Each structure stands twice: as C-alpha cells, then as structure tokens.
Amino acid sequence: MANEADVLKALEKVPGPGGVSLVASNAVSGINVAGTKAFVSISGDPARAKEWEAIRLAAERAVGEIGGVERAIVTLTAEHAPRPEPARDHGHGHHHDRGPAVAAPRRGIIAAVERIRFIVAVASGKGGVGKSTTAANLALGLAAQGWRVGLLDADVYGPSAPRLFGLHGKPQVADGKMVPLEAYGVKVMSIGFLVDENVPMVWRGPMVSQALTQMLGEVAWGELDALVVDMPPGTGDVQLTLAQQVPLAGAVIVSTPQDLALIDARRAVSMFQKVEAPILGIIENMSYFLCPHCGGRTDVFSHGGARHDAEKLGVPFLGEVPLDAAIRETSDAGRPVVGADPQGAHAAIYLNLAAKVKTLLETQTRRAGPVIVKG
Ligand code: ADP
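For any residue, its number in our numbering is found by taking its place in the sequence shown, counting from 1, and adding 34.
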C-alpha cells in the first residue's frame, strides 16, 4: 500500500508555477492516503487559477502512477484568505468529476481527516426511509463500544440532528473552529445549529458542498475513531460530490423493503461504487412491524427485499430494524433509543449493527494492505 512518503516523493517531480517543485515551493498543504485513494491538497493563488489547474492535473497524474494508488484526488485551496468574490462558484459547481479549480472552503479538510480514523457515510436512495435515525443510533452504538465518535449531519436540505438529539444551541467558536455540540458522548455538528429551523433553506448545489466541507474542515472534531456522516438523501450531484471529496472508509445504505425504495437503494450503491468507496452493507429499516401491545410481528411490506437485493448486488446485508413506535417516539423526542435506553431490546438491534460496522471497518483497513500490492 502506498503511504504519504510515496506521495510526497511523486510530488517532488511535479513543477510548480516558477518551475520549482511543488514540494520545494511549499505548495503541498496536506496528504492523506486512505486505502487505494490518495488525497492531496495544494495551495495556490486564486488569481492564477488556470495555471494552477494544469499543475493540479499534473500532480494528479503523478500521484495516480504510484503503485497501490488507484485513485488520486488533488484539490486546490486558496493560498490567501479568500476575498469576497460573488462569482466564485460560477462555472465550477456542476463539474463534480474533478472538483472546482479553486476551492477555498476545502482548506483544512485534509488536516481534519488526518485525525479521524474512519469516515462512514450513511446514505439512502431517497428521503424518509429512516436514514437519520439509523445514522444517529449507529453513532451511539459505536460510541457504546468504546469508540470516540462524531456525527456530521450533512443533510443540509433537512437537517435532523437538532430534532434527533434535542440539541438547539449554537456551536461556540474556539481557535477559529466551531466546537461541535455533544449528546450521549457523541460530538454532533449540523447545519441546523447554524440556521434557524423555520427559515427555508434554498441552497444551490455548490453552496451545499461548501457548507459540508466547512463542517468537516472547520469544526474541532479532535481525535475520532469514527465520524458518521448523515448524507443528504438521494444520489444526485451533491451526494456524489460529497462522496468524492471526503476520504470515506465506507458507506452504509439504509433502505425500506418496498421495491421502489430498493431501486433507489441500488442507485446509492452504484454511486458509492463509482467513487470507489467500499460499501459496508445495507440495512433494511421498517423491515417488519412489532406490535407494542401484543408483541406480535407483521410484515407490512414485502419483508426481506433488502436482504435479497444485497445478495444480488454482492453487498453485505447488515440487518433489519423493525418499524416500531418506540423508535419513532424516541428519535422524535430527541432521545434516540441507543442513548435513552441502552439496555433495551431496540438498542440491542442497533448495537448489533454497530458492532458489525466496527468489525468491517477494522478488517477492511487491514485488508487494504498487502492484498492490493501486486508483485
Ligand atoms: P430520513 O433521514 O431517511 O429522512 P428519518 O430518520 O428522519 O428518515 O425518519 C423518518 C421518520 O420515520 C421519523 O419520524 C422517524 O422517527 C421515523 N422512523 C425511522 N425509523 C423508524 C423505525 N424503525 N420505526 C419507526 N419509525 C421510524
């Protein structure tokens, strides 16, 4: 497997603006290798964006040629504090394949992720399937196993962390970074903490991805074992950009048993495959109905669809979560079950899922090593 030193060595051969190597001219501001992906940030003068774009591409080529690197992602950050530039996003926002040429807000992202062992996306093909509830309880489940955990509510269109955790304060700023709020020992950050809940959020795509990169790079996450990212629902440009910009250790897909949802889930699976983020598995939510009165079980929808679908897609099936009033009530009351009743039967379901996710993360990174290095 390639490491940071290999990347630095490759970058030494890439000339910067004056012909001096990128490394010698101190333009390399961050390197991060996650499995077969290498992330590099270089800082350049936004006024010379064209020139820097050519350098960025050369750097990407050089890093991409390193043995063990299957994908190189080089981003440019502004060398100087960005000036207010109303047209900064113009012409860049829709090119999710390479990222904008000058991406000032991305500054700090690499430094931030270096202190986070695993970044895990929780995604769904569409809204309303229980993605946020699952993300919150998974985060709590990972924390219950001794991990230091953060939850980044990246669902900028409809942030749910304030409701799920009953958190409504504004984050403090210390040393130029926002301090995440905390619930049940999990650090939580959400755009919902910054914007009034009643203000309709009409974000353009580029602004969304800017907000996300800021929430990752400009938040004092500290050392974390896992950062669970509650992704915006769907598989559009915004989701793709986010999946691409963040060095994901893996993705968990939440789906309901209905066929339609499964079609969407399939799209989510292929989106992560496209950006080469390993899919840890699919969780079937609202899989069956548990009657709170008699304890009887009813398969409301054609139950088992996600398991079947996961098998067909060759993706692990992580488990089922029942449709249960207690899960809805606790998450809507700001006390997600794993935090509110960690010994209960509902918590057990999520704890079991979290244990599987933890194991997959740990074994996966081990697997990323020698297997990939070809002789
Ligand atoms: P998403 O993030 O996919 O939009 P949410 O997590 O916000 O979905 O869930 C949508 C609604 O469904 C919420 O009211 C939530 O409390 C409820 N919900 C989620 N999972 C379950 C479940 N397993 N049983 C009962 N209600 C659930």
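Just so it is clear, CB atoms sit at the ideal spot from N, CA and C, and this is done for glycine as well. Bear in mind the structure is a predicted one, so any value in this text is a computation, not a measurement.
Span of the alpha helix (DSSP H), counted from its first residue to its last, around residue i
i: Ser166; result: 165 to 178
i: Ala98; result: Per the sequence presented here, residue 98 reads as Gly, with Ala not at that position. Its alpha helix (DSSP H) spans residues 83 to 98.
i: Arg197; result: 195 to 199
i: Lys47; result: Unbroken run through Lys47: none, as it is neither H nor E.
Nearest to residue i (by Cα), restricted to the options the options
i: Ala344; options: Gly175, Arg151, Ala311, Val303; result: Val303
i: Leu296; options: Met320, Leu250, Lys308; result: Met320
i: Val213; options: Leu176, Val253, Gly200; result: Val253
i: Leu282; options: Met35, Gly52, Asp264; result: Asp264
i: Gly339; options: Cys328, Arg331, Phe351; result: Phe351
i: Leu186; options: Val220, Val163, Gln206, Gly200; result: Val220
i: Glu354; options: Ala388, Ser365, Glu363; result: Ala388
i: Leu385; options: Leu176, Ile313, Thr397, Asp333; result: Leu176
i: Ala195; options: Gly368, Ala374, Ala381; result: Gly368
i: Phe227; options: Tyr218, Ala245, Gly210; result: Ala245
i: Leu288; options: Glu318, Asn60, Trp86; result: Checking the displayed sequence, the identity of residue 288 turns out to be Val instead of Leu. That would be Glu318, whose Cα lies nearest to the Cα of Val288.
i: Val163; options: Gly373, Pro291, Lys346; result: Pro291
i: Ala208; options: Lys43, Ser158, Trp255; result: Trp255
i: Pro266; options: Leu250, Arg301, Lys204, Lys160; result: Lys160
i: Val62; options: Thr111, Asp271, Val280, Ile383; result: Thr111
i: Ala173; options: Ala106, Ala299, Lys392, Leu274; result: Lys392
8 Å contact criterion, which residue i and residue j should meet: CB distance rounded
i: Phe323; j: Leu357; result: 5 Å
i: Val349; j: Ala260; result: With 8 Å as the limit, Val349 and Ala260 do not qualify as a contact, their Cβ atoms being about 20 Å apart.
i: Ile65; j: Val74; result: 5 Å
i: Val97; j: Val41; result: 6 Å
i: Val183; j: Leu201; result: So it is not a contact: roughly 15 Å between Cβ atoms.
i: Ala217; j: Phe199; result: 4 Å
i: His380; j: Ala359; result: The pair is not a contact, with the Cβ atoms about 10 Å apart (cut-off 8 Å).
Host beta strand (DSSP E) of residue i (start-end)
i: Gly78; result: 71 to 78
i: Gly284; result: 284 to 289
i: Gly315; result: 313 to 324
Residue i, buried or exposed, once every other Cβ within 10 Å from all chains shown has been counted against 16
i: Pro326; result: exposed
i: Val268; result: The identity of residue 268 in the sequence shown is Gly, whereas the question assumes Val. Buried, since its Cβ has 16 or more Cβ neighbours within 10 Å.
i: Ala39; result: exposed
i: Asn60; result: exposed
i: Gln377; result: exposed
i: Lys84; result: exposed
i: Glu46; result: exposed
i: Ala121; result: Because the pLDDT at Ala121 is just 37, under 50, the model does not fix this residue reliably, and the value given afterwards should be weighed accordingly. Burial call: exposed.
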